[in-house]
Amino acid sequence: MRKSEAYSPSAAVVTIIGVGLMIRVVIALFLYPGYDEAYYYVYSQNLDWSYFDHPVMVALTTGLGVWLTGMVNQFTIRIGSLILYTGSLYLLYLTGKKLFGCQSGLFSLVIASCIPIFMIGFGVLTLPDAPLIFFWSLTLYWCSLEFFREFSCYQPSYRLVIISLLVGLACLSKYHGFLLGLGLVGFCISNPPYRKVFLSSWLWWAIAVFLIILLPLLYWNWQHDWVSFGFQLSKRFQSTDVATKLASEVTLNPLNVLLNVLLTALVASGYLFPSFGLPLFWVTAKSSYYQFQCRQTPNYPYRLILWVSLPVSLGFILLGGLTQILPTWPMPGFWGLTVILGDYSAKWHQSNPVMVRRWLYFSGGVILTIFAIILLHLNLGLLQKPNKIPFIDGIIPPAADPSTQLVDTSQLSRLLALSPEFCEGLDSSDFVFTNRFYLGGYVGMSIASLNQVEEKPLVCLGEDCRGFNYWYPLEKLLGKNGIFITERLGESESSALPEEKYFDRWRKIAEIALKRGGETTRIFEVYQGENLKKIPQLQEK
C-alpha cells in the first residue's frame, strides 16, 4: 500500500471503484446471460406490484438498461446491477471508514472489489441480490450514523425512520431483507445502550414507514393467496423424490448433517475465493467469540456487523446441512463481515505491509486470470475439444461442458431472424410459448428484436412455469395458433411432445443450432400448434 499512500484516500477510492467498474463492464459485455437473468427480463416486460419468485425491485433494475437504450441483450439487462454495485462499494467504504477508520474502509473496499461472487453475483448479473446489497449497504451506513455518533450517550433520532425505510426497500429487493431487520432488532435488544430504541416515539414512525414500504409486496400476495411467501418458505426447498428421500435420510444421521454443513462452508469459501474466504471465516469466528462472551469489553461496531451478518451467513450454511442452497443465499452476510476483515487487514498492514500487499495482488491477479479464461472459453471455446483456436487443443467436449447451459441469446436471435420457416410461422401465429420458465426468459430475449412479436404474448405451457402463471390470461388464447420454442434434450430429435395434445394440429417448422468454435453446443426446436383447444392445469413448483 506504499504507493497508494502518495495519493489521497478519496483518489484511491475513485481509482479502485473505477477500475472495478471497467472490469465488470467487460464481463457484462461478454458473459452470456444466465437463465434467471433472462427470466427477470420477462419480469420487466410484465410489470406488477410483486412476483411469484421475488419482490418487485429486480424487475426495475433489469428493465432499467432496456428502457434507457431500447435494446435487449446481455449487457443492457445488467446496467442496473452495474450502477447499483458501484454505489454499494462506496457505501461499504463509508461504513468501514465511519466505524473503524479510513484505512479499514479502504481495505474493505479493496477486498469486496476482488471477491468473485460479490463482483459477479452482486455487481454484474441482474439478480435480486444487486438491489438487496445496495439497500443493505445503505442501511449499514445509516446505522453507523445513528448508533455511533460523536457523543457517548446514545439517544434515538429521526434516522430510525430512514433505517426502517431502507430495510423495507431491501425487503422489496429480496426476502433476505427481513433477516436484516431482525438482525438490527437483535442488536438493539442485546446491547443495553441501544434498548432506548424501544422506548422512543421514533420507533412507531419507523414501523409505520416500514409497513407502508411493504404495501406492494403485501398487496400482490394478498391478491394471490400469499403464494410467494408459501413458495419461499416451503416449496422453495422441495426437490425431486430422490433428493427428498436423501434429505430425510440426512436428518436421521447427525454425522451426514455435519459433513454437509462443512461441505457447504467449504463451497462458500470457494465462491468467496479461498484467500479471502478462509480469512473471512477466521476473523468472523474470532470476533464472534470475543464479542459474545460476557467478560469481553463490548465493541459495539463489531456487534452491529455480527448481528446483521451472522444470522444470514451462518444460518444458510447450517441450512445447507439439511437441503441444497444456492451460492448467493449466505453471501449478504459475508458482505457485511467484509468490513470486519477490512479492519483486521488494516491492522495486519501496520505490522506487515509487504505480506498484505502480496496477498491482495496475488488474489486479484489469479481471480482476473480465471475470469479471462472463462470469458475466452464461453465466447471462443478456449477449453472446448475440438475448437478453432490455433495451437490450443481443448479438453472438454461440448456434450460434457456445463458452460453450454448459458445461451448466447444474440446468436439465437440472429438465427431465428434468418430462418424463413420460423418467420413465416411467427407471422401466422398469435402467441409464442415454451414449456419451462427458464427457457421463457431466453426465448423472450431472443425474439425481442423481431418486429412480428410486438403484439404477441409470451406464455408458458408446462409443469414449472413460475411467474408465467400470473402474467397473461391463457383463456384469451383458446382457438388461436402458437409458436412453440424448446430445447432438444439429448442427441435424438424430440418426439411425442406433451404440448402437442393442446392443439388440433401440430408440426415442426425449424431447428436452430447454436455453435461455438465450430461445434454445436445447443439445439432449439420450433413447432407450430394450430387452434389451442385446452389449457394445461396451473402448476407451481
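Numbering (this note's numbering), first residue to last: 485 to 1025. All C-beta atoms in this analysis are idealised placements derived from N, C-alpha and C, irrespective of residue type, glycine included.
Under DSSP, Leu-998 takes part in a beta bridge, and its partners are Arg-1006. A straight-line Cα-Cα distance of about 7 angstroms links Asp-988 and Gly-1013. The C-alpha of Lys-581 is placed about 43 angstroms away from the C-alpha of Ser-894. A buried status is given to Ser-847, since no fewer than 16 other beta-carbon atoms sit within 10 Å of its beta-carbon.
For Asp-948, the closest of Leu-505, Tyr-523 and Glu-1009 by C-alpha to C-alpha distance is Tyr-523. By the Cβ test, the stretch 501 to 511 is not in contact with the stretch 903 to 920, since fewer than three Cβ pairs between them sit closer than 8 angstroms.
Rounded to the nearest angstrom, the gap between the Cα atoms of Pro-676 and Gly-670 is 11 angstroms. Remark: three or more beta-carbon pairs, one from each stretch, lie closer than 8 angstroms, so the stretch 821 to 829 and the stretch 595 to 615 are flagged as touching. Partner residues in the beta bridge of Gly-1013, as assigned by DSSP, are Gly-966 and Trp-990. With a beta-carbon spacing of about 43 angstroms, Leu-656 and Met-839 fall beyond the 8 angstroms limit used to define contacts. One Cα belongs to Gly-549, the other to Thr-560, and the distance between them is close to 5 angstroms.
Looking at the DSSP output, Gln-868 sits in a beta bridge with Ile-880.
By the criterion of at least three beta-carbon pairs nearer than 8 angstroms, the stretch 745 to 761 is not in contact with the stretch 626 to 640. Counting every other CB atom within 10 Å of its CB across the protein chains shown gives Glu-938 a total below 16, marking it as exposed. When the Cα atoms are used, Gly-946 and Gly-547 turn out to be separated by approximately 26 angstroms. Straight through space, the alpha carbons of Ser-572 and Phe-618 are spaced by roughly 5 angstroms. In the structure shown, Val-891 falls within a coil segment according to DSSP collapsed to helix, strand and coil.
Per DSSP, Glu-939 lies in no alpha helix (DSSP H) segment and is marked neither H nor E. Within the stretch 528 to 593, complete alpha helix (DSSP H) segments of at least 4 residues are found at 541 to 553 and 563 to 584, given in chain order. For Glu-971, the pairing in a beta bridge is given by DSSP as Phe-1008.
Distances from the CA of Pro-814 to each of Gly-805, Ile-824, Pro-795 and Thr-807 were compared; the closest alpha carbon is that of Pro-795. The Cβ neighbour count for Met-603, taken over all protein chains shown within 10 Å, is at least 16; the residue is labelled buried. With respect to the 7 angstroms criterion, Phe-968 and Phe-917 are classified as neighbours on the basis of their beta carbons.
The stretch 781 to 866 is shown to contain whole alpha helix (DSSP H) runs of 4 or more residues at 784 to 803, 815 to 835 and 837 to 864, in chain order. Taking a cut-off of 8 angstroms on C-beta distances, the stretch 994 to 1005 touches the stretch 850 to 867, as three or more cross pairs fall below it. Counting only residues of its own chain and dropping the five nearest sequence neighbours on each side, Ile-876 has a CB closer than 8 angstroms to the CB of Leu-866.
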